[in-house]
Each structure stands twice: as structure tokens, then as C-alpha cells.
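Numbering (the UniProt record's numbering), first residue to last: 1 to 263.
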Ligand SMILES: C[S@@+](CC[C@H](N)C(=O)[O-])C[C@H]1O[C@@H](n2cnc3c(N)ncnc32)[C@H](O)[C@@H]1O
């Protein structure tokens, strides 16, 4: 049997009781931490909680080799990861592989950044459009697509959740500041008036799921040098606000109270 188990957002206490029961009973546990990571936990704490060793896999071992699927023919094997296993990851492919090979499987969901970041931003979940991710730029690689995705959402009065790149093998986790800088660099290269500029309202969010969660709203100009603290970070770019959303951003997320005059 093959189990896909989401660990949730921040530390080992975010594992559901169902997930914990499963992990205490399987023969083997593998982990991938390149799609997300629990920053409030260390690996030993998870091993101690589930009572057995866990093997961490790198991206190639997960996406190309998938040896855990073969092993699941004869044993109970679990693959664990941060967040929800089937949201913003390619892990649905493992279920397809299991189905084709006649291997039973079960998914144990975890809290996902895709619901928790919109929730803690105070904006209405059903008013979010396409999610986008800002990648770490590289030589000849600086895609405009994240900027354009936000623009498309803004044109339809939809908020945007912006995820930020993780390069776990290099221990690099993009910050809100780097993400906003990326958007401003794209803005500066446009030969037209882009919809996102330094006066655009943004919400920087850090460490969702922890007691130390940070939710700070302001213009890009105000947030670009703000210290959001340790990882993980993401950004929300709000579109047209309802008064209830604006009140939350002012009261909870420290936005300038002038926001209430313009909704
Ligand atoms: C690919 S997504 C994770 C998807 C995961 N399967 C899920 O359901 O949450 C990873 C990105 O989400 C954001 N993220 C994940 N957990 C976070 C957290 N606790 N606080 C803030 N941002 C987070 C970061 O931008 C990170 O790079």
C-alpha cells in the first residue's frame, strides 16, 4: 500500500492524527522537502514522533526514480511532505502510477498554503484568481509570467496568491522583499504602463501556521524593505477590496487607515 501524507504548514504538530497513525504503522517512510518545508520542526523531532527512521529524497529520486512505488507492491510505504500532498505539487502522478500497477493507495491531506495564506490575509477566498510563483532568476531566465498573471487577475477584480521559489538544495528560500523586487524589475522593463507599480497594495506573509506568523499590508514601496523574519514567505496582491477586507488589512495587517477611504 502507498500512502501520500501531507504534514501541514509549520512543525510536526501540524500532522493530523490520521497522518500520525499511518506513519506509526507503515514499514517505510520517505520524505521530500523540495516543494515545501516545515521550518518550525527538525527532522529528528518528526522521526521521534513517528518512531522510525525517515529517508529524505532529492528531487530526481522522487520525480524520476519513484522507487517507493515499486516498494509499495510488497510493503506499506509512505511519502511525506509539507503542506498538502496534492496541492501545487506534481504528486498526483504517483497515484496514477499506483493505479496502473494495481497498488492500493491512500491520501492523507495536510493544511495547505493555498488555503491558509488567503485565509490569514483576511481577503475573501472565493475572490482569488490564478496562483503564480516567482522563481529565483538565473542567467537568461527572468520570466514576466508572474507579473502578467497578477495583472490578469487584477483586470478581473481577483486577488492573487504569489508563492515564492524554494531552492532547498542550496538552502535558499525567496523572501517577500526579493519577490517584490522581482515584480518591480519586471515593471521597469515594460514598454507600457504595468498595473503593478510601487504604489500597488500588497500583503507580505511569513511563517503561516506558527505563533510567529507575520501579515503586513502596505504599498510595495512600504513593504520592499520591511523585515519579515525567517522563512517561509509568500505574497498576496489584493484587487478591489470589500470594506470588511479593508478593515482587516488596517486593523490586523497594519495597512494605512487611508485604505478605508478608497473602498
Ligand atoms: C509549492 S508551495 C507548497 C505547496 C504545498 N503542497 C502546500 O499545499 O502547502 C511552497 C511555497 O508556498 C509558500 N509557503 C509554504 N508554506 C508556507 C508558510 N508556512 N508560510 C508562508 N509561506 C509558505 C512559500 O512561498 C513556498 O515557497
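Glycine is no exception: its CB is placed at the ideal position from the N, C-alpha and C atoms. The model shown is predicted, which means the values in this text are computed figures rather than measured ones.
- Distance from the CA of residue 222 to the CA of residue 232, rounded to the nearest whole angstrom, comes to 20 Å.
- Inclusion of residue 248 and residue 122 in the CB contact set at 8 Å is warranted, their separation being smaller than that value.
- Of 34, 20 and 206, the smallest CA-CA separation from residue 52 is found for 20.
- Within the same chain, 10, 11 and 210 come within 7 Å of residue 40 by CB-CB distance, once the 5 residues on both sides are set aside.
- Closer than 7 Å to some heavy atom of ligand 1: that describes the Cβ of residue 233.
- Of the residues assessed, residue 14 falls on the buried side of the cut-off, its CB having 16 or more other CB atoms within 10 angstroms.
- Taken through DSSP and simplified to helix, strand or coil, residue 2 comes out as strand.
- Not a single heavy atom of ligand 1 lies less than 7 Å from the C-beta of residue 171.
- Ligand 1 has no heavy atom closer than 7 Å to the beta-carbon of residue 259.
- The beta carbon of residue 237 sits no closer than 7 Å to any heavy atom of ligand 1.
- Contact between the stretch 78-97 and the stretch 197-211 is not established, with fewer than three Cβ pairs separated by less than 8 Å.
- In this chain, the beta strand (DSSP E) harbouring residue 204 covers 201-206.
- If one requires a minimum length of 4 residues, the alpha helix (DSSP H) runs lying completely within the stretch 158-190 are 176-189, in chain order.
- The beta-bridge partner set that DSSP reports for residue 27 is empty.
- Residue side-chain check: residue 208 places its Cβ nearer than 7 Å to a non-hydrogen atom of ligand 1.
- Not one heavy atom of ligand 1 is found less than 7 Å from the C-beta of residue 204.
- Residue 138 is bridged by DSSP to 141.
- In the DSSP assignment, residue 45 falls within the unbroken alpha helix (DSSP H) covering 43-50.
- Counting only residues of its own chain and dropping the five nearest sequence neighbours on each side, residue 165 has a CB closer than 7 Å to the CB of 133, 134, 135, 136 and 174.
- Membership of residue 55 in the beta strand (DSSP E) is indicated by the continuous run 55-57.
- With contact defined as three or more Cβ pairs closer than 8 Å, the stretch 145-165 and the stretch 225-240 are in contact.
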